[in-house]
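Protein chains in written order, with my numbering: chain A, 1 to 241; chain B, 1 to 241. Note that CB positions come from ideal geometry on N, CA and C, so glycine has one too. Worksheet: the structure to be examined is printed underneath.
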Amino acid sequence: MRLTDFKALTFDCYGTLIDWERGITAGLAPLVKRIDKPLTRDEVLEAHARHESSQQRYTPEMPYRDLLAVVFKRLAEEWNVPYTTDEAAAYGRSVAQWPAFPDSASTLQYLKKYFKLIILSNVDNESFAGSRSMLQVDFDAVITAEDVGSYKPSHRNFDYMLDMLPALGVRKEETLHIADSMFHDHEPAAELGIKSCWIYRRFEQRGFGATLRTVNEPPVEFKFTSMAQLVKAHHEELSKG
Amino acid sequence: MKLTDFDTLTFDCYGTLIDWETGIFEGLRPLLERVKQPLTRDQVLEAHARHESSQQKYTPAKRYQELLPIVYKRLAEEWQVPFTLDDCMAYGKSVQNWPAFEDSAEALHYLKKHYKLVILSNIDNESFTYSNAKLQVEFDAIITAEDVGSYKPSPRNFEYMLDKLGDRGIKKEKILHTAESLFHDHKPANEFGLASCWIYRRHGQEGFGATMNPGQQPKVDFRFDNMAGLVKAHQEAVLQK
Chain A
1 MRLTDFKALT
11 FDCYGTLIDW
21 ERGITAGLAP
31 LVKRIDKPLT
41 RDEVLEAHAR
51 HESSQQRYTP
61 EMPYRDLLAV
71 VFKRLAEEWN
81 VPYTTDEAAA
91 YGRSVAQWPA
101 FPDSASTLQY
111 LKKYFKLIIL
121 SNVDNESFAG
131 SRSMLQVDFD
141 AVITAEDVGS
151 YKPSHRNFDY
161 MLDMLPALGV
171 RKEETLHIAD
181 SMFHDHEPAA
191 ELGIKSCWIY
201 RRFEQRGFGA
211 TLRTVNEPPV
221 EFKFTSMAQL
231 VKAHHEELSK
241 G
Chain B
1 MKLTDFDTLT
11 FDCYGTLIDW
21 ETGIFEGLRP
31 LLERVKQPLT
41 RDQVLEAHAR
51 HESSQQKYTP
61 AKRYQELLPI
71 VYKRLAEEWQ
81 VPFTLDDCMA
91 YGKSVQNWPA
101 FEDSAEALHY
111 LKKHYKLVIL
121 SNIDNESFTY
131 SNAKLQVEFD
141 AIITAEDVGS
151 YKPSPRNFEY
161 MLDKLGDRGI
171 KKEKILHTAE
181 SLFHDHKPAN
191 EFGLASCWIY
201 RRHGQEGFGA
211 TMNPGQQPKV
221 DFRFDNMAGL
231 VKAHQEAVLQ
241 K
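Given below as structure tokens:
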């Protein structure tokens, strides 16, 4: 199987194109400073993953910026630290400023010449407008949790994306799903027979960071440690002809 | 069966009393001006119907003025034209400006003297207040998708209506459901055994416009080309009594 077999790339955004672990860590820093016993960065991210995924199951229709405010509250409670509702709301709004990975914009601009680019992200539309300006590319479609009324790994989000493919003129077999998260992306993609490409951003780190652990490692068709590596592989396929 | 057999008319609003095809087409004009390939009015309306009905299935509890912005985004993506979040939101708000059919206010004013008038509409409450001002009549009940948490043709909307009207002593046999859409109204009305009256606003035009193809043609008990036709038939039925 070759990258050039595909016509459309569907992307996870946060964790894959946007460095959400940096965004989350920076957004929670005021809270973490108030804790008596110091927590490691990974301990913070894993607690966030736990509360976020639980909250997404309970309130699938809540926009992400509002949902994050609830996660902020749960973390403050777990860590026994004081917080205000304004701080929680500000954390929710910080998503729009989470930074992109350094290779995201240039690689997307390269890929745009060869593929339709589709976002399939656990975000709300207003927050994504902030991320969109950092990624500096025109996506052919942006499908958010707000549009679908649920969060990945729900199959509904993937079904919605598959339902939309005819309007974009591509078939499921021509679509490659690209993501960092095993839990949110590769497991449901494998269950639905969608081919996938793992951008293993955490390859030099232990554990799963801001995403939940999966019981089994789902199969992926391609694996790279960065978007730059994906572009390099595509470029090599083209030069070999 | 005679029109005078009934004491309550339950109305669809958009397509039947409000000229939503004109409203939709006007609201999408900024987008259509940017489309490279020319689209006919019916092609535009049919694409709208496809995305709207899919979106209503995925997010049944989303208010119509928030659901339409997503439909706008899906159309922009399908037609490959640039758009902003503000454009999307403006389209959602445009429902307020959708015009009434010329005969609606006068016909409702006449019918109010002979029937209880009920609205059963795929709308949110705020948007409907603007349409109500154009229709210039006081309805005896207004049941919206926002009230029910789902959109027609879901059976839930008809169940809710029959439940609430039953509480007020209105018998199902005395209800005539009056609507343009075979897909949203007449098909589910058949399934509930409601008598129904087709206001065939699209007579003389091909296809189904802004509503989906219902598949098999549902049965209707009365059929008129417009609301004025219904009023005329009622006047004749009263004279014959």
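Per DSSP, reduced to three states, the secondary structure at Ala8/A is strand. Against chain A, a Cβ distance below 9 Å from Arg168/B picks out nothing, because the smallest value is about 31 Å. Secondary structure of Arg50/A (DSSP, three-state): helix.
In its chain, beyond the 5 residues on either side, Lys172 have a beta carbon closer than 7 Å to the beta carbon of Leu162/A.
Contact of Tyr64/A with chain B by beta-carbon distance below 7 Å is absent, the smallest such distance being about 15 Å. Secondary structure of Lys152/B (DSSP, three-state): coil. Under the 9 Å criterion on CB atoms, Thr59/B is classed as interfacial with respect to chain A. In the DSSP assignment, Val142/A falls within the unbroken beta strand (DSSP E) covering 141–144. Close CB contacts of Ala141/B within its chain, under the 6 Å cut and outside five residues either way in sequence, are with Val118 (chain order).
In this structure, DSSP gives Ser196/B an extended state, which the three-state scheme calls strand.
DSSP places Phe222/A in the uninterrupted beta strand (DSSP E) bounded by 222–224. Residue-level contact by beta carbon holds for Arg156/A and chain B, with a gap shorter than 9 Å. Rounded to the nearest angstrom, the Cβ distance from Leu3/A to His234/A is 5 Å, consistent with a contact under 8 Å.
Collapsing the DSSP output to three states places Ser127/A in a helix. Note that the region 71–78 of chain B does not touch the region 169–188 of chain B; fewer than 3 beta-carbon pairs, one per stretch, sit closer than 8 Å. Per DSSP, the continuous beta strand (DSSP E) segment holding Lys116/B begins and ends at 116–121. DSSP lists Ile18/B as the bridge partner or partners of Tyr14/B. Thr8/B sits away from Ile143/B, with the two beta carbons spaced by 9 Å or more. What Ser150/B touches in chain A, judged by beta-carbon distance under 8 Å, is nothing: the nearest beta carbon there is about 12 Å away.
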